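Residue numbers (this note's numbering), protein chains in the order written: chain A, 908 to 1245; chain B, 908 to 1245.
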């Protein structure tokens, strides 16, 4: 059983998972080799995954068979497990609990060599629908406080399988980074009675040169203080705290701006590895005036080293105004039909 | 001029540095190739670096010539610059200031292919002395609030030059991570009137299986909630808040335990890349009852991916009790003469 442990000084939780690697020799600095298909995530290989928990089959058809656009299965090597009780215990100064939660894989396309930014917008909207449906379902479990949706594209960004996929990890604790955003948002709201992300959207729309794209419902922008070169955030233009509260209709313009943003990154930077993370309000307090859901995309272009790990400061050699300009002026992505 | 910018939500500062890379094509996911010597850091090549700010020449000799054991020079491509005023300014919601600070390189040995853990203990003590002397000197500049000492070993850990070196970055702001440790330490102290790291040292010494080494003055341990496999901390056994307050005498047992810890890591994991970070009290409040300086060593064995970047949670497949056991039972390092 994995275990959740809390650092007694800073309160950071870690997942101690013993099921993936045990011996020192199992830690190999060599990246995993990504293999050509067909793989366990390919259409026709459904029997090789755990039983699906969600799928979109536009033409219908039985579960765990072919004919799907997007499909969600439990992770075979989960970081957290759905069985059991949290059973929080102390050990002197320290706190731990059982690693209860869920870890699922969203297979984004039936073919092996798809890439998220090359999917048609309607297909990408189905992937976003998978995120929403799984969050809504996992929220029914009272032990779950948060669902983090993320994507690792490329082995340098942490992917161990080539087939296009995202992941959901449902945790019994609201993660530290979301907590920090909640605290920052609340502090601003208490003083100004406004959502800080709404203020950011307003200020960026009015100028400053950091907007990448706007489509009426969403905005893609380079944040003022990005940790990484070409870091890009996508936010709903109007106040929305919970991603899972989005209507199915609203997922289409979101898919459109996400697709266009990723395409422009690709045409500007090449098919670079990246991480994509969804920050939404905690499940048990999902309608908040002081939190605004958003996607964060961080291309993997620089190395995080001792200074960053030691300070929490990041050194970013690309001013966001220049990054946004490059992405705005990139036109390759625009050609793709919606 | 580099610029410091603050994220308006979470308060994280980033350094926007435009002097290293500008065009999208300058960001190459390929790691830098480490080159064989002689390099600019080798003995005999002193004229190729900026003028030294400190050096230890046991036999004497003029500055910027050969005969040194350890040598400190300004970084030729500094993340922060020593010239100018901070000049903090606002831009709507946002805050920025000039990137004033210092960035220095500690060249750890005159020969090209040295590795920190293979240096004799007396030589490593000279490197630690360089850290201390530079912190004490940089502290005289009233604009500087903090000095982060760190080392990136191996290109996967962010090193761009092979020759053994550490770095110091002096910042006009106390870094977020140190602030979080200060806040956690203060919270514990307010309730218990004890330093939390002193409590950790006491609890670990009494059992739990996470001690790697103890030598009377220092302890090396696997922390209870490590972010990374084989993450190891070294702390003074007695309460000390500021590294630069250590006597020269005390640096020898510190060099001994650091050398032995790194050697055991090497013999357990191979010559793995790692980051080493020094957390010391802020310069302007260096004598604190609630802070305890420490070294953190994080081998680069796993990839940080979307889940970690999105949550601040880390997934660690190596329980610290097992990591400490492997390092305790490793004996190769022990053979080295002190």
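For every residue, glycine included, the Cβ atom is placed at its ideal position computed from N, Cα and C. These numbers were taken from a predicted model, which means no experiment stands behind them.
Quick one: measure Cβ to Cβ for residue i and residue j, integer angstroms, because I've assumed they're closer than 8 Å.
i               : j               : result
residue 1017(B) : residue 1133(B) : That belief does not hold up - the Cβ atoms of residue 1017(B) and residue 1133(B) are roughly 35 Å apart, past 8 Å.
residue 1185(A) : residue 1137(A) : Between residue 1137(A) and residue 1185(A) the Cβ distance is about 18 Å, and since that is not below 8 Å, they are no contact.
residue 1024(B) : residue 1170(B) : 5 Å
residue 1167(B) : residue 1120(B) : 6 Å
residue 1049(B) : residue 993(B)  : That pair is no contact at about 11 Å.
residue 1230(B) : residue 1129(B) : 5 Å
Can you list, in chain order, the residues of its chain with a C-beta nearer than 7 Å to that of residue i? Leave out the 5 residues immediately preceding and following it.
i               : result
residue 1035(A) : 1158, 1161 and 1162
residue 965(B)  : 976
residue 1108(A) : 1126, 1142 and 1144
residue 1233(B) : 1175
residue 1122(B) : 1160, 1163 and 1164
residue 1033(A) : 963, 976 and 977
residue 1225(A) : 1136 and 1137
residue 1223(A) : 1133, 1134, 1135 and 1136
residue 968(B)  : 974
So that I know if they touch, is there some Cβ in chain B lying closer than 8 Å to that of residue i?
i               : result
residue 1240(A) : With a pLDDT of only 49 at residue 1240(A), under the threshold of 50, the placement of this residue in the model should not be trusted; the figure read from the coordinates follows. False, the Cβ-Cβ gap to chain B never drops below 8 Å.
residue 1007(A) : no
residue 1110(A) : yes
residue 1070(A) : no
residue 1035(A) : no
residue 916(A)  : yes
residue 925(A)  : yes
residue 1252(A) : A query on residue 1252(A) cannot be resolved here, the shown segment of chain A reaching from 908 to 1245 and no further.
residue 991(A)  : no
residue 921(A)  : yes
residue 1047(A) : no
residue 1216(A) : yes
residue 996(A)  : no
residue 1142(A) : no
residue 913(A)  : yes
residue 1168(A) : no
residue 1132(A) : yes
residue 1224(A) : yes
residue 1083(A) : yes
Hey, does residue i have any beta-carbon neighbour from chain A nearer than 8 Å?
i               : result
residue 1294(B) : Since the first residue of chain B shown is 908 and the last is 1245, residue 1294(B) is not available in this structure.
residue 1000(B) : yes
residue 1201(B) : no
residue 1024(B) : no
residue 1208(B) : yes
residue 1211(B) : yes
residue 944(B)  : no
residue 908(B)  : no
residue 1122(B) : no
residue 1091(B) : yes
Could you name the residues of the same chain whose beta carbon sits closer than 8 Å to that of residue i, not counting the 5 residues immediately before and after it, in chain order?
i               : result
residue 919(B)  : 913 and 1083
residue 1206(A) : 1135, 1136, 1137, 1138, 1172, 1176, 1179, 1180 and 1181
residue 1069(A) : 941, 942, 943, 944, 946, 1019 and 1020
residue 1001(B) : 912, 913 and 915
residue 999(B)  : none
residue 960(A)  : 979, 980, 981, 1011, 1041 and 1044
residue 1061(A) : 1178, 1179, 1180, 1181 and 1207
residue 996(B)  : 1002, 1003 and 1004
residue 1147(B) : 1153, 1199 and 1200
For residue i, which residues in the same chain have their Cβ closer than 6 Å to its Cβ, ignoring the five residues on either side in sequence?
i               : result
residue 924(B)  : 909 and 986
residue 1092(A) : 1103, 1197 and 1198
residue 1208(B) : 1136
residue 1202(A) : 1141 and 1185
residue 1238(A) : none
residue 1077(B) : 1008, 1009, 1045, 1051 and 1054
residue 973(A)  : 950 and 951
- Message: Check whether the segment 974-983 of chain B and the segment 1052-1067 of chain B touch, using three or more Cβ-Cβ pairs below 8 Å as the test.
- Response: At 8 Å Cβ cutoff, the stretches do not touch.
- Scan the segment 1000-1036 of chain A and note each continuous alpha helix (DSSP H) run of 4 residues or more that stays entirely inside, going in chain order. For the segment 1000-1036 of chain A, not a single whole alpha helix (DSSP H) run of length 4 or above is found.
- Item | Every unbroken beta strand (DSSP E) within the segment 1171-1212 of chain B, with a cutoff of 3 residues, ordered by chain | 1181-1186 and 1201-1206
- the segment 1037-1050 of chain A in contact with the segment 1099-1117 of chain A per 3-pair CB rule at 8 Å: no
- Query: Any chance the segment 1213-1225 of chain A sits against the segment 1108-1118 of chain A, with 3 or more Cβ pairs inside 8 Å?
  - Reply: no
- Task: Count the C-beta pairs between the segment 1170-1189 of chain A and the segment 1071-1091 of chain A that are closer than 8 Å, then say yes if the count reaches three, no if not.
- Result: yes
- Message: Which runs of the beta strand (DSSP E) at least 3 residues long sit entirely within the segment 968-1001 of chain B? Give them in chain order.
- Response: 977-981 and 996-998
- Task: Could you name each continuous beta strand (DSSP E) segment of 3 residues or more that falls completely within the segment 1103-1166 of chain B, going from the start of the chain to the end?
- Result: 1118-1121, 1125-1128 and 1139-1143
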